[in-house]
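241 is the number of the first residue of the sequence shown in our numbering; add one for each residue after it. From the three backbone atoms N, C-alpha and C, an ideal C-beta is built for every residue, glycine too. None of these values were measured; they are calculated from a predicted model.
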Amino acid sequence: MSKLDQARALTAAASMGCLAERWYSGTSGGEMGPVLGIFLVMLIGLNLASAYYQFRGLKKSEEAIKNG
């Protein structure tokens, strides 16, 4: 994974975390609701972004093998 792909993955995870924090803080009470929402969705976002970029890298490597 290149530096650009890592930056894209972190940006995607951060934006998903911000959106989920707004949703999660609106649905649960207490002070820890937003904090837990941010951590949970950042973890989910990082996993999704990582899987996406790994899949994309796999496709590129398959094309490189086919093209010789």
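- Put simply, the backbone Cα of L288 is about 21 Å away from that of E302.
- CA-CA distance, R296 to V275, rounds to 31 Å.
- Assigned with DSSP and collapsed to three states, S242 falls in coil, not helix or strand.
- Judged by their CB atoms, A253 and L286 are nearer to each other than the 8 Å cut-off.
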